[in-house]
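Peer 1: Here the sequence shown is numbered in this note's numbering, starting from 652 and rising by one per residue.
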Amino acid sequence: MRSYSDELEALIKRVEEAKIYLKLSPSLVRIAELEPIVSSADLWNDADSARNITSEYNRLIADRDTIASTEKALDDLRALEELLSEEDDENLNAERESNLANLNQRLGEIELRALFSGEDDESDAILEIKPRAGGTDAQDWAEMVLRMYSRWAESSKFDLEIDDISQGQEAGILSATLIVKGRYAYGMLQGERGVHRLVRMSPFNSKHSRETSFALVQVFPLTQAATEVHIDEKDLRIDTFRSSGAGGQHVNVTDSAVRITHLPTSTVVSCQNERSQHQNKARALQILAAKLLDLEKEQARQTREVLAGNSTEMSWGNQIRSYVLAPYQLVKDLRTQVETGNVDAVLDGEITFFMESYLRWAKSNSKS
C-alpha cells in the first residue's frame, strides 16, 4: 500500500469521517429514490409537497457534490506527493502546500456540519433584537447589533429580510425582527440568543461618561412544523398601524402594518415590510407560529430537567457576550471565554468564530 506523508494520511482519514457524518451512503440511496419524483410531470400539483421534496433533494445533491469535489482535491494532492517522491521540485512543493492549505480549509468547513445535531439546525431563523436597560444608549446599541448581524448575514451568503423595525425616540431602534434564510441559518445563530452588553463612552450625554447598555437577542427556527401549529383566532388581538418601514409610498399613507398579540402567552409580533395589510398579517402569523412552537419546546425541555432534578433557568435573559469599547477594547463570550481585541471587525459582522466556538462548547458540554 502506498505510504503518504502524515499530513496527507490525516486528511484521508478526515475525508472518510466526513462521509460518515454527512451520511453519504444513505444520502445516495435517498437521491435515487427522489430522482423519479423530482422529474415527474405532476410534481407541482401539490406545491407544498413539491417545495419540501425539491428542497430535500437539492440539499442531498449539494452534500454529495461537496464530498465529490473534496475527494477530487484529495486525489490531486496524492498525485503531487507521488511526483515529489520522485523529484524535489520547488514549484511542485509550493503547489502541494497551497493544495494542502485549501483542503484543510475545505474540510474545516465540512466538519462544522458535525456540530449541528438539533432537528431545526438546517432551518431559516427569526432574529429579534430589542434594547434593554440603558435608555437612548441601549436603543443605539440595539441598532449596532442589528447592523452587526446584517453584515454577518451578507458576508456569510445568507439572505436577510427585515420584517419590522421600530425606531427609537432619539436614536437607534426599539425593536427589529429579521428573517435569515439559508441552510443552517438557525444552527449558526442559535448561540446568539441572550443579552449582549456594551461598555463605551456615551455619545448621548454632555459628559460623555462611561455607560453600560444591554440588547436582547432572541432566535427562533422558522420550520415547516410551524405551519402545523394551531392558533385560535379568539386568542389573538390584531392591531393595525401606519408603517414607517420600507415598502414604497403606499405603506406610508395606509394602516398596512400589523401587530398581533397572542393573549394566552402575551407573545407579540408585528410586521410592516410587506405592501399590504393582508401580507403583513400572514407573515406575522407565520412568525407567531414559530415563536409559539419554540416556546412549547422550551417548556418541554424545562419540564424534563425538573423531572431529572436538573432544573436550570431559561437562558433568554442571560448575558452571553460583553463588548467593551472603553477604557480598553475587548469582545468576550462569557460562556466559551473566546475573546478578541478587534472590536471594529466584530461590530462589522466578523462573528462566525464566536458562533463556531459556541457550537463546539455546547457539543462538549452535552457529552459531560
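Built from N, CA and C at the ideal position, the CB exists for glycine as well. Here the structure is a predicted model, which means the values were calculated and not measured.
(1) Judging by CA-CA distance, which residue of Gln980, Glu805, Ser656 is the nearest neighbour of arginine 747?
(2) Going by DSSP, name the residue or residues bridged to glutamine 818.
(3) Evaluate glutamate 794 with the Cβ neighbour count: other Cβ atoms within 10 Å of its Cβ, from every protein chain shown; 16 or more gives buried, anything less gives exposed.
(4) CB valine 909 to CB glutamate 779, shorter than 9 Å?
(5) To the nearest angstrom, how far is it from the Cα of glycine 992 to the Cα of proline 978?
(6) What's the gap between the Cα of serine 594 and the Cα of valine 850?
(7) Run the CB neighbour count on tryptophan 695, radius 10 Å, all protein chains shown included, and call it buried at 16 or more, exposed below.
(8) Take every Cβ of the segment 852-859, pair it with every Cβ of the segment 794-804, and state whether three or more of those distances are shorter than 8 Å.
(9) How would you write the range of the beta strand (DSSP E) that glycine 845 sits in, first residue to last?
(10) Report, in whole angstroms, the separation of the C-beta atoms of alanine 836 and leucine 944, which I expect to be a contact under 8 Å.
(11) Quick one: Cα of isoleucine 704 to Cα of arginine 681, how far?
(12) Can you grab the Cα-Cα spacing for the pair asparagine 903 / aspartate 995, in whole Å?
(13) Could you check where the beta strand (DSSP E) with serine 864 kicks off and where it finishes?
(14) Once the 5 residues before and after histidine 859 are set aside, which same chain residues still bring their CB inside 8 Å of it?
(15) Cβ of leucine 887 within 9 Å of Cβ of histidine 913?
(16) Closest Cβ-Cβ distance between leucine 840 and chain B: below 9 Å?
Peer 2: Based on what the coordinates show:
(1) Here residue 747 corresponds to residue number 96 of the sequence shown, with the count starting at 1. Among Gln980, Glu805, Ser656, the Cα nearest to that of arginine 747 is on Ser656.
(2) The count along the sequence shown starts at 1 and reaches residue 818 at position 167. Note: glutamine 818 sits in a beta bridge opposite Ile824.
(3) One-based indexing of the sequence shown puts residue 794 at position 143. The C-beta of glutamate 794 has 16 or more other C-beta atoms within 10 Å across all chains shown, which makes the residue buried.
(4) If you number the sequence shown from 1, residue 909 lands on position 258. If you number the sequence shown from 1, residue 779 lands on position 128. For the pair valine 909 and glutamate 779, the CB atoms are not nearer than the 9 Å cut-off.
(5) As a working note, residue 992 is residue 341 in the sequence shown. As a working note, residue 978 is residue 327 in the sequence shown. Between the alpha carbons of glycine 992 and proline 978 lies a distance of about 12 Å.
(6) The structure shown does not extend to residue 594, since the chain spans only 652 to 1019, so no value can be given for it.
(7) What you label residue 695 is simply residue 44 of the sequence shown in a count that begins at 1. Tryptophan 695 comes out exposed.
(8) Contact fails between the segment 852-859 and the segment 794-804, because fewer than three Cβ pairs, one in each stretch, are under 8 Å apart.
(9) Residue mapping note: residue 845 aligns to position 194 of the sequence shown, counting from 1. Counting along the chain, the beta strand (DSSP E) containing glycine 845 begins and ends at 845-852.
(10) The sequence position of residue 836 within the sequence shown is 185, counting from 1. The sequence position of residue 944 within the sequence shown is 293, counting from 1. Contact between alanine 836 and leucine 944 fails: their C-beta atoms lie close to 16 Å from each other, not under 8 Å.
(11) The residue given as residue 704 occupies position 53 in the sequence shown. The residue given as residue 681 occupies position 30 in the sequence shown. Approximately 11 Å, taken between the alpha carbons.
(12) Residue mapping note: residue 903 aligns to position 252 of the sequence shown, counting from 1. Residue mapping note: residue 995 aligns to position 344 of the sequence shown, counting from 1. Because the pLDDT of asparagine 903 is 46, which lies under 50, any placement of that residue in the model is unreliable, and the question is left without a value.
(13) Position 213 of the sequence shown holds residue 864. Start and end: 861-873.
(14) Locating residue 859 in the sequence shown gives position 208, where the first residue counts as 1. The residues are Met852, Ser853.
(15) The sequence position of residue 887 within the sequence shown is 236, counting from 1. The sequence position of residue 913 within the sequence shown is 262, counting from 1. Contact: yes.
(16) Within the model displayed, chain B is absent; a lone protein chain is all it includes.
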